[in-house]
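Below is one structure; the comments refer to it alone.
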Amino acid sequence: MKRPSATPSGSRSTGSGNDSAPLGSHNRISTNRRIYDSHCKHNVKPSSSRRFLTSHSVLLCVTSFVLGMIVRNNMVFVDTTKESLDPSRGAPGITVRRNSVVSQSSAEALPFSSENAAFAAIRDRAITHQQHCHSIGLSQAEDFQKLQLNNHTAHLPQSGIIQAIDNYVPDKEAYSYECELPPETECDETQFTVIFMAYNPDRLDKLLDQIKKMLTHPEFKSLVAECLIVWNGERHVDETPLGKELVNFGKSHALRISYPLTAGFPNDLMNRYHPRLEVKTKSIMYYDDDGPFYSFKATVAGFELWKRNSNAQIGAMARKLDLGERATDESKAILNGPGDRFFVSQCPKDELDYNYREFANFGARMVLPSGSFLHSNYLCFLWHPIFEEIRQYVKEHPVHPDDASVSMLISQLAGRAPKVYPRREPKKQESQEMELGRRRLMEGIDWDRKGGHGQKMNWGRLRGDAANSLARYFGSINSGSIGWCYGTEWQKGENCKPEFPRIGMLPWLKADHTPRDTCP
């Protein structure tokens with residue numbers, strides 16, 4: 001039995017692997033267009049190669065866009081009151097292009113969190129930011145051939161999501177799942193599913209130990225409904241003694257192993273996000289086969305944060321994607337301090353810097369999979385045909401950026417940045433050297449080995465290349481996370497001091513590290 005979030009209308013055995021608030025009226029969209037036209041379009045004088053704006057015109061354009069975005073964010077994207085999230089209210093009708101997934105007449109009959117409304121919201125946001133880039137003379141991209149690194153050919157088109165949505169024709173035979181956005185909170189949930197991705201039967205010792213702990217330890221056992229291994233390897237899991245032990249353990253415990261390759265799926269990192277897994281809980285915690293694995297207290301902190309923000313991606317290892325100068329100025333104009341429910345334009349010539357030098361509390365725009373929490377409703381969206389271009393990109397790109405892709409997709413669907421929780425207590429901190437080596441190994445390269453300087457630098461550039469390509473595909477990027485300490489005495493500007501809290505510091509938990517009664 002599939003959950004309502006991914007209910008099939010027919011059988012399907014093969015395949016390849018919010019505040020999305022009410023969308024606002026057509027009048028609001030038209031008003032924004034008139035603002036752009038009156039303040040930008042008519043002040044742009046064409047030349048033989050590109051358009052130039054006077055300083056006065058630039059000021060008017062930026063001011064118009066900022067005002068428009070503030071109005072749209074406050075009236076459209078960040079209306080998160082309980083009343084606005086009531087599915088019975090429906091989604092206000094909008095007028096969209098003929099081939100789009102939602103129309104004026106159908107939108108009024110659709111529930112608020114329908115998949116049609118979700119895609120229409122993403123399309124609306126992409127068009128708004130595309131218009132802004134055009135209005136300031138940044139609508140022309142460099143030839144992507146000049147941006148190639150390591151001679152790879154995986155690229156996403158600028159604002160490509162608009163065409164992907166417009167060209168989509170529903171086909172229940174090809175994709176039988178019906179998607180629905182998750183609610184903003186899931187306060188009554190008591191358990192979650194843990195999904196591990198593994199592929200090598202020779203390195204199962206850490207995985208086996210962690211699964212035994214989560215399914216037999218009294219504390220973990222109360223939280224974990226099931227452990228699910230997505231086996232992404234050509235070799236069979238029971239080829240080794242540890243593999244046989246793992247399979248036998250599953251016969252008497254809540255452990256399931258899924259074999260996507262034998263079901264016709266390719267070897268794809270996105271297999272762990274497929275709705276065919278039929279997850280029975282609303283909350284999913286993700287781990288790689290070698291961790292790092294978190295303590296019970298850290299896990300409670302993450303799960304309780306998810307319950308209060310169930311439509312966001314929750315992570316413990318979060319990355320900054322530092323904005324370029326123009327986008328930074330735009331972000332500062334829109335936001336006066338931390339805020340995680342806005343989006344910043346990513347125009348063709350804007351550049352993001354993939355900041356692998358630190359894990360962030362504030363300003364994180366993506367999270368790594370291990371230790372992350374995600375609502376199971378999102379699985380249906382992540383494998384939706386509209387996002388096929390992104391999934392293909394993950395397979396073809398040299399660094400296979402499933403983490404950045406999932407974070408970008410979830411933030412666009414939810415209309416918000418990820419939420420971040422601390423993964424350990426200060427007394428359990430590893431040395432900085434161990435931490436640095438560990439995190440970099442997780443991302444596919446051994447930074448501790450001697451030599452390989454060129455490979456290391458190229459790896460960083462490739463990660464940045466993927467982040468830029470994804471952000472440009474949507475035309476915008478989320479405004480970044482707000483730290484666990486936000487609004488407490490531990491917040492020092494846009495930092496948490498200490499970085500890793502002691503018991504009793506987390507605002508959503510009591511002094512004894514049990515959940516507060518308030519949710520959200």
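Each step along the sequence shown adds one to the number in our numbering, with nothing skipped, and position 394 is 394. Backbone N, C-alpha and C define an ideal beta-carbon position, used for all residues, glycine too.
Note: N478 is bridge-paired with F343 in the DSSP secondary-structure output. Check the Cα spacing between H129 and each of A118, G475 and E396: the tightest is with G475.
Taking a cut-off of 8 Å on C-beta distances, the region 252-262 does not touch the region 350-367, as fewer than three cross pairs fall below it.
Between F192 and M285, the CB-CB gap stays under 8 Å. One alpha carbon belongs to R416, the other to H134, and they sit about 24 Å apart. Taking N309 as the centre and dropping the five residues before and after it, the same chain places the C-beta of K419 closer than 6 Å to its C-beta, in chain order. Secondary structure at Q392: helix, using DSSP grouped into helix, strand and coil.
Cβ contact annotation for E219 (same chain, cutoff 7 Å, sequence separation greater than five): F296, in chain order. For N355, the enclosing beta strand (DSSP E) has its first and last residue at D353 to N355.
Secondary structure at K280: coil, using DSSP grouped into helix, strand and coil.
Remark: three or more beta-carbon pairs, one from each stretch, lie closer than 8 Å, so the region 398-415 and the region 311-331 are flagged as touching.
V344 is not a Cβ neighbour of A318, given a cutoff of 8 Å. If you look at L215, you'll find it in the alpha helix (DSSP H) that goes D205 to T216.
Nearest neighbour of Y259 by Cα position, chosen from F249, L305, N248 and R276, turns out to be R276.
Within the same chain, and ignoring the five residues on either side of F293 in sequence, the residues whose Cβ sits closer than 7 Å to its Cβ are Q210 and Y287. In this structure the region 230-243 lies against the region 198-218, because at least three pairs of beta carbons, one per stretch, are closer than 8 Å. CA-to-CA, the gap between E388 and L156 works out to about 11 Å. M197 is a Cβ neighbour of V230, given a cutoff of 8 Å. Around the beta carbon of K172, fewer than 16 other beta carbons lie within 10 angstroms, which makes this residue exposed. Apart from sequence neighbours up to five positions away, the residues of its chain that approach H397 with a beta-carbon distance below 6 Å are A154 and A466, ordered along the chain. With a cutoff of 8 Å on beta-carbon distance, V279 and S159 are scored as not near each other.
For H375, the enclosing beta strand (DSSP E) covers residues S372 to H375. The alpha helix (DSSP H) runs lying completely inside the region 221-299 and spanning 4 residues or more are 241-250, given in chain order.
Under the three-state reduction of DSSP output, K307 falls in the helix class. Excluding sequence positions up to five before and after L368, its CB lies within less than 6 Å of the CB of M317 and D403, all in the same chain and listed in chain order. Minimum Cα-Cα distance from L261 among the listed residues S283, H236 and T281 corresponds to H236. Taken through DSSP and simplified to helix, strand or coil, V367 comes out as strand.
For M197, the enclosing beta strand (DSSP E) stretches over residues F192 to A198. DSSP places Y378 within a helical segment (H, G or I) once states are collapsed to three. In the three-state DSSP reduction, E219 falls in the helix class (H, G or I). The alpha-carbon of W508 is positioned some 8 Å away from that of T518.
Distance from E351 to K282 at the Cβ level is roughly 38 Å; contact not present, criterion being Cβ atoms closer than 8 Å. Under the three-state reduction of DSSP output, Q412 falls in the helix class. Of all alpha-carbon atoms in D268, Y354, E234 and E178, the one lying nearest the alpha-carbon of K395 is that of D268. With 16 or more other Cβ atoms from the protein chains shown falling within 10 Å of its own Cβ, D124 counts as buried. Look at P385 here: in three-state DSSP terms it is helix.
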